[in-house]
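Here the structure is laid out as C-alpha cells; the discussion comes afterwards.
Chains as they are written, first to last, in UniProt numbering: chain A, 1 to 151; chain B, 1 to 108.
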C-alpha cells in the first residue's frame with residue numbers, strides 16, 4: 001500500500017469513527033431521563049385538559065415543558081459520548097431543525113384534526129402524538145445525520 | 001514521497017487513529033463506548049489511552065461512585081490540534097496522488 005492509499009484508508013477510518021460517535025451520542029442517551037422527559041411532556045399537555053382556568057393550565061404546561069427539557073438535557077449529559085462542538089456543524093443543525101419543523105407540523109395537524117372533535121382528552125392525545133413522533137423520528141434523524149456526515 | 005508537515009506518527013497507527021478519531025468527534029466518551037466501538041479489550045484500550053495521555057493528547061477523568069462510576073476519556077487541546085494537523089496531512093497526501101485536471105489537460 002502506498003502513502004496515498006494509506007492516507008485514503010486513514011480518512012475513511014476517521015469518517016467511520018465520526019459516524020460511530022454520532023450514533024453513540026444519540027443511542028447512548030440515558031433512557032430513564034429520556035422516558036421521564038417524555039412523561040413530563042405528555043403530563044404538560046394533559047394539564048391543558050384539566051377543568052381549571054386557562055392561566056393555571058398554561059402555567060402547568062410551561063412548568064412541565066421546562067422540567068422535560070431539563071430531563072432531556074440530563075439524558076444527554078449521562079450519555080456514553082457527547083458530540084464535540086466541531087461535530088455540531090451547519091448540516092447537523094439543518095437536520096435537527098428540519099426534524100423539529102416536521103414534528104411541529106405533524107403536531108399542528110393533529111391539533112387541527114382533534115379540534116374538530118368533542119374528544120375530552122384531545123390535548124393529552126396531542127402530547128402522546130408528539131412523544132410518539134419524537135421517538136419514531138430518532139432513527140430517521142440518525143440516518144440523516146450519518147449520511148450528511150459521510151458527505 | 002515526503003511526508004507532509006502535521007503528519008503525526010503517534011496518531012497514525014490504525015488502532016490509535018480510530019481511537020483519536022472517536023475522541024475528536026466527541027467532547028468526551030465513556031471508556032466502555034470506546035472499547036465496544038474499537039472492539040478492543042480493557043487492557044488493550046487502556047494501553048492506547050495511556051500512550052495518548054503520556055503524550056499530552058488525551059485526558060482521563062473518573063466520575064460518580066459505586067456502580068455508577070464511569071471513566072471518561074477526552075482529547076486535550078494539544079491532542080485535538082495534532083489530530084487536525086494529521087487530517088490535513090492525510091488530505092494533502094491524497095490530493096498529491098489525485099492528478100490536477102488542468103495539468104492532465106482535462107476540463108474542470
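Beta carbons: idealized from backbone N, C-alpha and C, even for Gly.
Everything numeric in this text was worked out from a predicted model, so none of it was measured.
Interface flag, residue 130 (chain A) vs chain B, CB-CB below 8 Å: no
For residue 138 (chain A) versus residue 18 (chain B), is the C-beta distance shorter than 8 Å? no
Would DSSP call residue 50 (chain A) helix, strand or coil? The answer is coil: DSSP assigns residue 50 (chain A) none of H, G, I, E or B.
Given 8 Å as the limit, is there contact between the segment 79-95 of chain B and the segment 36-51 of chain B, that is, 3 or more CB pairs closer than that? no
Exposure label - residue 112 (chain A); buried when at least 16 CB within 10 Å: exposed
Buried versus exposed, by CB contacts within 10 Å (16 or more), residue 123 (chain A): So residue 123 (chain A) counts as buried.
Per DSSP, residue 91 (chain A) forms a beta bridge with which residues? Paired residue(s): none; residue 91 (chain A) is not in a bridge.
Can you find the residues in the same chain that come closer than 6 Å, C-beta to C-beta, to residue 92 (chain B), ignoring five residues on each side of it along the sequence? 4
Spell out whether any CB of chain A is found under 8 Å from the CB atom of residue 45 (chain B). no
Look up residue 22 (chain B) in the DSSP assignment and say whether it is helix, strand or coil. helix
Proximity test, Cβ basis, 8 Å: residue 17 (chain B) and chain A: yes
List the residues of chain A whose Cβ lies closer than 9 Å to the Cβ of residue 14 (chain B), in chain order. 9, 10, 13
Find the nearest neighbour of residue 96 (chain A) within the set A:17, A:115, A:140, A:51, judged by alpha-carbon distance. A:140
is_contact[residue 145 (chain A), chain B] using C-beta, thresh 8 Å: It does not; no Cβ of chain B falls within 8 Å.
Could you name the residues of the same chain whose beta carbon sits closer than 7 Å to that of residue 65 (chain A), not counting the 5 residues immediately before and after it, in chain order? Once the five neighbours on either side are set aside, the close Cβ partners of residue 65 (chain A) are 41, 44.
Let me check one thing: in DSSP terms, what residues is residue 58 (chain B) bridge-paired to? B:75
Find the nearest neighbour of residue 53 (chain B) within the set B:80, B:64, B:38, B:36, judged by alpha-carbon distance. Closest option to residue 53 (chain B), Cα to Cα, is B:80.
Contact list for the segment 71-93 of chain A against chain B, Cβ threshold 8 Å: 80, 81, 82, 83, 84, 85, 86, 87
Any C-beta of chain A sitting closer than 8 Å to the C-beta of residue 61 (chain B)? no
Taking only runs of the beta strand (DSSP E) that begin and end inside the segment 76-133 of chain A, which ones reach a length of at least 3 residues, in chain order? 81-83
Contact check, residue 24 (chain B) vs residue 3 (chain A), beta carbons under 8 Å: no
Assigned exposure category for residue 16 (chain B) - 16 Cβ within 10 Å defines buried: buried
Step through the CB atoms of chain A and report whether any lies within less than 8 Å of the CB of residue 30 (chain B). Interface with chain A (8 Å Cβ-Cβ cutoff): residue 30 (chain B) is included.
With burial defined as no fewer than 16 other Cβ atoms inside 10 Å of the residue's Cβ, what is the status of residue 52 (chain A): buried or exposed? exposed
Closer than 8 Å, CB to CB, is residue 49 (chain B) near chain A or not? Residue 49 (chain B) does not count as touching chain A.
For residue 8 (chain B), report the span of its alpha helix (DSSP H) as first-last. Element bounds for residue 8 (chain B): n/a, residue is neither H nor E.
Looking at residue 47 (chain A): is its Cβ nearer than 8 Å to the Cβ of residue 69 (chain A)? Their beta carbons are not under 8 Å apart, which means residue 47 (chain A) does not touch residue 69 (chain A) by this criterion.
Applying the 10 Å Cβ sphere with the 16-neighbour rule, what's the burial state of residue 110 (chain A)? buried
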